[in-house]
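Below is one structure, written out as structure tokens; comments come after it.
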Amino acid sequence: MAMASKTMRAVQYDKYGGGAAGLKHVEVPIPSPKKDEVLLKLEAASINPVDWKIQKGMLRPFLPPKFPFIPVADVAGEVIELGSAVSNFKVGDKVVAMLNFQNGGGLAEYAVAPLTLMVARPPEVGPAEGAGLPAAAITALQALKAAGIKFDNSANRPPSNILITAASGGVGRYAVQLAKLAGVHITATCGARNVDLVKSLGADEVLDYKTPEGAALKSPTGKKFDAVIHCATGIPWSTFEPNLSANGKVVDITPTMKSMVTSFIKKLTMSKKRLVPLLLVPKGEELKFVVDLAKEGKLKTVIDSRHPLSAAEAAWAKSMDGHATGKIIVEMQSDS
Numbered sequence: 001m002a003m004a005s006k007t008m009r010a011v012q013y014d015k016y017g018g019g020a021a022g023l024k025h026v027e028v029p030i031p032s033p034k035k036d037e038v039l040l041k042l043e044a045a046s047i048n049p050v051d052w053k054i055q056k057g058m059l060r061p062f063l064p065p066k067f068p069f070i071p072v073a074d075v076a077g078e079v080i081e082l083g084s085a086v087s088n089f090k091v092g093d094k095v096v097a098m099l100n101f102q103n104g105g106g107l108a109e110y111a112v113a114p115l116t117l118m119v120a121r122p123p124e125v126g127p128a129e130g131a132g133l134p135a136a137a138i139t140a141l142q143a144l145k146a147a148g149i150k151f152d153n154s155a156n157r158p159p160s161n162i163l164i165t166a167a168s169g170g171v172g173r174y175a176v177q178l179a180k181l182a183g184v185h186i187t188a189t190c191g192a193r194n195v196d197l198v199k200s201l202g203a204d205e206v207l208d209y210k211t212p213e214g215a216a217l218k219s220p221t222g223k224k225f226d227a228v229i230h231c232a233t234g235i236p237w238s239t240f241e242p243n244l245s246a247n248g249k250v251v252d253i254t255p256t257m258k259s260m261v262t263s264f265i266k267k268l269t270m271s272k273k274r275l276v277p278l279l280l281v282p283k284g285e286e287l288k289f290v291v292d293l294a295k296e297g298k299l300k301t302v303i304d305s306r307h308p309l310s311a312a313e314a315a316w317a318k319s320m321d322g323h324a325t326g327k328i329i330v331e332m333q334s335d336s
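Encoded structure:
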């Protein structure tokens, strides 16, 4: 497809660190899709904490592979050019995609997307809602599966009582909704201002994490947890352990070296209570699963704020601040 312009607006950084001030607005060539990729005209992108953690250098020397780097991987857009081997999409299709983390590219007017992590966006799901789904909703889904919760109608008995920490955060909000769909009892922690929101998403019990009960992770009804979806940071194993059932497990979505060591020791000692570090491995079928749930109105994306590409720094700073209630969205067409 011929385009009037061969360049596009984008936001990039050229070294580690710098936060929002390190982002630069540039005009760069529009990328070309490889044979198993498509070129998207982007409608919306969602910033995740991993995006600015990469900028901070927390994943060096692996990410980014080189500078300058256009960040962000979760996007929604329209297919405008097909790679030579692409047959299951056509020009004009609206899609939700997760870009390759190594290539990035989401804070731009156009980006190339791999077929393996791209699904059709139904009209019931808006671009901002769609862009909010990939990393956060798939992480929530994989964490719940790691906890033993089933989404395939199998007869295996799932955990009946779970705890979700930081339940008003990006992953936590999806985890609450997915766990409710699976029919488990949910205790959740969040800040006082978000208690009603988390209840509205499906939590049965909600604790303010700043209260003594919330800090101790104690269920108001005295229930022991079969599983914990741990979306917060800085909570030691010693706080979880007394609140777990006999075979309880903690699934840690942001594992540190300390939690990796704890996990190894628990395995070594054959402990029935376990810590399970989760490393996201995105799968196309799971992206389709969460987009289908969104289409059916069963999985809602809570949006904190929307920003034009020209104000991407404000979106970046808001994500780094850590107090957003919902997804932080950059919309590409709102400047025009």
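Residue numbers (full-length UniProt numbering): 1 to 336. We put the CB at the ideal spot given by N, CA and C, even for glycine. Computed from a prediction, not measured in an experiment: that's the story for all the values here.
Check	Outcome
Report the rounded CA-to-CA distance for K180 versus I54, giving the unit in angstroms.	32 Å
For V86 versus L115, is the C-beta spacing smaller than 8 Å?	yes
Alpha carbon to alpha carbon, how far is V171 from V250? Give it in angstroms, no decimals.	15 Å
Give the straight-line distance between the Cα atoms of N243 and A317, rounded to the nearest whole angstrom.	36 Å
Let's test the definition: count the other Cβ atoms within 10 Å of the Cβ of A315 and tell me whether it reaches 16, buried, or not, exposed.	buried
Quick one: what does DSSP say P277 is sitting in, helix, strand or coil?	strand
Once the 5 residues before and after G77 are set aside, which same chain residues still bring their CB inside 6 Å of it?	L40, K41, L42, E43
Tell me, please, which residues DSSP counts as bridged to E78.	K41, K94
Can you tell me whether DSSP reads F225 as helix, strand or coil?	strand
Exposed or buried, M1, counting other C-beta atoms within 10 Å across all chains shown (16 or more means buried)?	Only weak support exists for where M1 lies, its pLDDT of 46 falling under 50; the coordinates are left without a value.
Using the beta-carbon count (16 or more within 10 Å), is D36 buried or exposed?	exposed
Whose C-alpha, out of G126, A227, A216, is nearest the C-alpha of G234?	A216
Would you say L309 and L82 are within 8 Å of each other, going by their C-beta atoms?	no
Would a C-beta distance cut-off of 8 Å place C190 and Y209 closer than the cut-off?	yes
How big is the Cα-Cα spacing for L144 and K6?	44 Å
Counting only the same chain and skipping the five closest in sequence on each side, list residues whose C-beta sits under 8 Å from that of S84.	K35
Does the region 54-64 come close enough to the region 132-144 that 3 or more CB-CB pairs lie under 8 Å?	no
Going by DSSP, name the residue or residues bridged to V112.	L39
When we look at the beta-carbon of N194 and count the other beta-carbons within 10 Å, is it buried (16 or more) or exposed?	buried
Taking the straight line between their C-alpha atoms, what separation do you get for P159 and M320?	34 Å
Report back the beta-carbon spacing between R306 and A128 to the nearest angstrom; my notes put them in contact at under 8 Å.	6 Å
With which residues is Y13 paired in a DSSP beta bridge?	F69
Determine, using beta carbons only, whether A227 comes closer than 8 Å to chain B.	Looking at the structure shown, chain B is missing, and only one protein chain is on hand.
Taking C-beta to C-beta, are residue 418 and K288 nearer than 8 Å?	This structure gives no information on residue 418, because the portion of the chain shown stretches from 1 to 336.
So is L293 buried or exposed if we call it buried at 16+ other beta carbons inside 10 Å?	buried
Which residue wins for smallest C-alpha separation from L117, given the options A131, V125, D51?	A131
Quick check: does the Cβ of Q333 come within less than 7 Å of any heavy atom belonging to the ligand SAM?	The ligand SAM is absent from the structure shown, which contains no ligand whatsoever.
Using the Cα positions of T221 and T239, report the straight-line distance between them to the nearest angstrom.	18 Å
Tell me the DSSP secondary structure of M118 in three-state form.	strand
Relative to the C-alpha of P33, which candidate in L59, W52, N103, Y13 has its C-alpha closest?	N103
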